[in-house]
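Trainee: Take a look at the following structure, please.
There are 2 protein chains.
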Amino acid sequence: MNRIPAAEAPNKCSTCVLGKFCLPLGLSAEDADQIDTIITERVRLKKGETLYRQNDPLNAVFGVRVGTLKTLVVFQDGREQVTGFHLPGEILGLGGIGEHHHHANACALEDSEVCVIQLSQLEDLARQLPSLQHQFHRIMSQEINQYRLHLLALGSMRAEERLANFLLNLSSRFAARGYSANEFNLRMSREEIGSYLGMQIETVSRLLSRFTEGGLLQIKLRNVRIIDMDGLARIAGHTAPAEVMQPAGSHLY
Amino acid sequence: MNRIPAAEAPNKCSTCVLGKFCLPLGLSAEDADQIDTIITERVRLKKGETLYRQNDPLNAVFGVRVGTLKTLVVFQDGREQVTGFHLPGEILGLGGIGEHHHHANACALEDSEVCVIQLSQLEDLARQLPSLQHQFHRIMSQEINQYRLHLLALGSMRAEERLANFLLNLSSRFAARGYSANEFNLRMSREEIGSYLGMQIETVSRLLSRFTEGGLLQIKLRNVRIIDMDGLARIAGHTAPAEVMQPAGSHLY
DNA sequence: CGAGCGTTTGAAATCGGTCAACAGCAGTGG
DNA sequence: CCACTGCTGTTGACCGATTTCAAACGCTCG
């Protein structure tokens, strides 16, 4: 792990291309400049290095600048589960804010770099800038929502649906960042995918083979090429919660 | 649904017995008084009534005052999943703050009453009161954490473990509110439990029977009496994430 | 008292897990 | 450059947990 003082870090939040995924979203230029004052440093991680561990005291949250990280929880009995994969612009560590301790281990899947956001300074600044306060709440809420979708997948989808969903989700996140939606490299192993999706590594492998046989995609080790996006979406099934038609007058809030 | 203006509502946050689970936690008496000014009204719900629906615009979040509610998500294809059961003192609606729309339907499992917390006023007040800002973040973080635990259960536990966990979780929440940890009435049906835990209603029923045969508990319809808390905990298995021993010097945050 | 719902129980089918063997690629060192 | 080794991923056979289908039971409420 390699700490870089902010002074030596040439890139600022106010000009960062990831702004639209990250903390500065929706802030005016002046407000975004203020954020630069609280990003005290950045951290470089080599593949496999750990950013924080569960139960570590939490003084900061982290914005992914470069690379990919996974978060995973280790249980008393040694079992572990991957709880998320984090791409550039996404913020790590929010789940532990309440208890001032991290709830998961964060580990780099490839050489990565994260911005350190000191929490106390963020909270101070959020009191000055309603737009930042709002964005901070938005990001926490987004985190809740992401867990919620993952939870829905684990609770109500079959393995095949979960995996199709996972691939589509990755695809759209890459696309949002300007990469190809149809071809990308997985940064994680089959084991990590399986852990994340609540299935065994063999099941992941078998399903990927089945998708390939069905002409939905081509996969060679970690290189994925999606051939039939619609077909995959059809398998993914009930991806999104329904847009409910509102029975008039039946609800007030 | 029955709205009650604050003027007619005798109970205040500052004196509410649920304060230690709810918004006022950790606030000084003066700060808690301030909260009273933003709780504009309360809402009474009859069993089965809906407080809000997914996609409803979100202007307020809700503290459960009396009763129990469930939140559930309906998918495009009609399938639905229960995402949470909410006891007095718990706050509903946080997941939707970011998008200003509710992500789930909230529905009363029994006659209930909730406090309406106007979001814009809460955010204004949070800028004035650091302790409230902090508590608000704590509550959102707690929500993240709750989803996280549920997610871990769905992703890495067998049906038996999930159900044992669920019962223990309910038990401790009742106990925290001053009710018996060993005997309580479920407010939800087998169907709702199954949906929440990602299993079929028949599986719930069979497992409950198995627990009864094993001398772990007695259950008659919705009345549960836990006989062997330790035995149940043993089945629940890896309930909690491990308290990781920290290898010295290997992490900075 | 009967209807209807929620719950329990049984039997058969299926999905996914477990165990085991093997293939393929990567890195190491001779 | 090529064996050797180890790790990751694939595939097959079998097993078990959970689902599915079906039927019966027993509250609760009109």
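In the order they appear, the protein sequences are chains A and B.
Residues 0 to 252 in numbering that gives the first Met the number 0 are what the first sequence spells out, letter by letter.
Residues 0 to 252 in numbering that gives the first Met the number 0 are what the second sequence spells out, letter by letter.
By construction, the Cβ of each residue, glycine as well, lies at the ideal position given by its N, Cα and C atoms.
Here the structure is a predicted model, which is why all the values come from computation and not from measurement.
State the start and end residues of the unbroken beta strand (DSSP E) segment that holds residue 111 (chain A).
Mentor: From DSSP, the beta strand (DSSP E) with residue 111 (chain A) extends over 111-117.
Trainee: For residue 18 (chain B) and residue 58 (chain B), I'd like the C-alpha separation in whole angstroms.
Mentor: Residue 18 (chain B) and residue 58 (chain B): Cα-Cα distance of roughly 22 Å.
Trainee: Would you say residue 187 (chain B) lies against chain A (beta-carbon separation less than 7 Å)?
Mentor: Answer no: the Cβ-Cβ gap between residue 187 (chain B) and chain A never drops below 7 Å.
Trainee: Can you tell me the Cα-Cα spacing of residue 107 (chain A) and residue 190 (chain A), whole angstroms?
Mentor: If you take the alpha carbons of residue 107 (chain A) and residue 190 (chain A), they lie about 15 Å apart.
Trainee: Quick check: the Cα distance between residue 247 (chain A) and residue 109 (chain B), rounded to an integer number of angstroms?
Mentor: The predicted model places residue 247 (chain A) with a pLDDT of 37, which falls under 50 and marks its position as unreliable; any figure quoted below should be read in that light. Cα to Cα, the separation comes out at about 23 Å.
Trainee: Is it true that the CB of residue 40 (chain A) sits closer than 7 Å to the CB of residue 93 (chain A)?
Mentor: It is not a contact, given that the beta carbons lie outside the stated cut-off.
Trainee: Starting from residue 122 (chain B), find everything on chain A with Cβ-Cβ shorter than 9 Å and list it in chain order.
Mentor: Residues of chain A passing the Cβ test: 129, 132, 133 and 136.
Trainee: Could you tell me the distance, in whole angstroms, from the CA atom of residue 15 (chain A) to the CA atom of residue 173 (chain A)?
Mentor: If I take the Cα positions, the gap works out to 17 Å.
Trainee: Would you list the residues sitting across from residue 183 (chain A) in a DSSP beta bridge?
Mentor: Answer is A:223, bridged to residue 183 (chain A).
Trainee: What residues from the region 171-202 of chain A come within 7 Å of chain B, judged by C-beta to C-beta, listed N to C?
Mentor: From the region 171-202 of chain A, only 197 have a Cβ closer than 7 Å to chain B.
Trainee: Residues in the region 79-95 of chain B with C-beta within 9 Å of chain A's C-beta atoms, listed in sequence order?
Mentor: Flagged, chain order: 79, 80, 81, 82, 92, 93, 94 and 95.
Trainee: Quick check: what's the CA-CA separation for residue 229 (chain A) versus residue 217 (chain A)?
Mentor: Rounded to the nearest angstrom, the two C-alpha atoms are 15 Å apart.
Trainee: Apply the 10 Å Cβ neighbour rule to residue 104 (chain B) and answer buried if 16 or more other Cβ atoms are within range, or exposed otherwise.
Mentor: By the 10 Å Cβ count, residue 104 (chain B) comes out buried.
Trainee: Do you know how far the Cα of residue 63 (chain B) is from the Cα of residue 111 (chain B)?
Mentor: Each residue's alpha carbon lies about 8 Å from the other.
Trainee: How would you write the range of the beta strand (DSSP E) that residue 51 (chain B) sits in, first residue to last?
Mentor: 49-51 is the extent of the beta strand (DSSP E) around residue 51 (chain B).
Trainee: Going by beta carbon distance, what residues of the same chain come within less than 8 Å of residue 31 (chain A), once the five residues before and after it are set aside?
Mentor: Taken in chain order, the residues that qualify are 12, 13, 18 and 23.
Trainee: At what residues does the alpha helix (DSSP H) containing residue 33 (chain B) begin and finish?
Mentor: Start and end: 28-37.
Trainee: Between which two residues does the alpha helix (DSSP H) harbouring residue 201 (chain A) extend?
Mentor: Run containing residue 201 (chain A): 200-212, per the alpha helix (DSSP H) assignment.
Trainee: When DSSP labels each residue in this structure, what does residue 40 (chain B) get in the three-state scheme?
Mentor: It is a strand residue.
Trainee: Exposed or buried, which one is residue 69 (chain B) when buried takes at least 16 other CB atoms within 10 Å?
Mentor: Counting Cβ neighbours within 10 Å, residue 69 (chain B) comes out buried, since at least 16 surround it.
Trainee: Which two residues bound the contiguous beta strand (DSSP E) that contains residue 78 (chain B)?
Mentor: No beta strand (DSSP E) holds residue 78 (chain B); DSSP gives it neither H nor E.
Trainee: Who are the near neighbours of residue 159 (chain B) in its chain, counting only those whose CB is closer than 7 Å to its CB and skipping five residues on each side?
Mentor: Correct list, in chain order: 206 and 234.
Trainee: 7 Å is my cut-off, CB to CB: does residue 119 (chain B) come that close to chain A?
Mentor: Cβ-Cβ to chain A under 7 Å: no for residue 119 (chain B).
Trainee: Grouping DSSP H, G and I as helix and E and B as strand, with all else coil, what is residue 173 (chain B)?
Mentor: Here residue 173 (chain B) sits in helix by DSSP.
Trainee: Which residues in chain A sit within 9 Å of residue 109 (chain B), going by Cβ to Cβ distance?
Mentor: Those within 9 Å of residue 109 (chain B) in chain A number zero; the least Cβ separation is about 19 Å.
Trainee: Assign residue 192 (chain B) to one of three DSSP states: helix, strand, or coil.
Mentor: Three-state DSSP puts residue 192 (chain B) in a helix.
Trainee: Ignore the nearest five residues each way along the sequence and tell me which others in residue 119 (chain B)'s own chain have a CB closer than 8 Å to its CB.
Mentor: For residue 119 (chain B), where only same-chain residues beyond five positions count, the Cβ hits under 8 Å are 58.
Trainee: Please confirm whether residue 156 (chain A) has its beta-carbon closer than 7 Å to some beta-carbon of chain B.
Mentor: Answer no: the Cβ-Cβ gap between residue 156 (chain A) and chain B never drops below 7 Å.
Trainee: Identify whether residue 21 (chain B) lies in helix, strand or coil by the three-state DSSP scheme.
Mentor: Looking at residue 21 (chain B) - three-state DSSP - the assignment turns out to be coil, as it is neither helix nor strand.
Trainee: Can you have a look at residue 76 (chain A) and say buried or exposed, based on whether 16 or more other CB atoms are within 10 angstroms of its CB?
Mentor: Per the 10 Å Cβ criterion, exposed.
Trainee: Quick one: residues in its chain with C-beta nearer than 7 Å to the C-beta of residue 254 (chain A), no 5 flanking neighbours on either side, listed in chain order?
Mentor: Since the displayed chain A opens at 0 and closes at 252, residue 254 (chain A) lies outside it and no answer follows.
Trainee: So for residue 54 (chain A), helix, strand or coil by DSSP?
Mentor: It is coil, neither helix nor strand.
Trainee: To the nearest angstrom, how far is the alpha carbon of residue 54 (chain A) from that of residue 98 (chain A)?
Mentor: Spanning the two alpha carbons is a distance of roughly 9 Å.
Trainee: So what's residue 14 (chain A) in DSSP terms, helix, strand or just coil?
Mentor: Of the three classes helix, strand and coil, the one that applies to residue 14 (chain A) here is helix, per DSSP.
Trainee: Could you pull the start and end residues of the alpha helix (DSSP H) that residue 231 (chain A) belongs to?
Mentor: Start and end: 228-235.
Trainee: Once the 5 residues before and after residue 65 (chain B) are set aside, which same chain residues still bring their CB inside 7 Å of it?
Mentor: So the qualifying residues of the chain are 87, 111 and 112.
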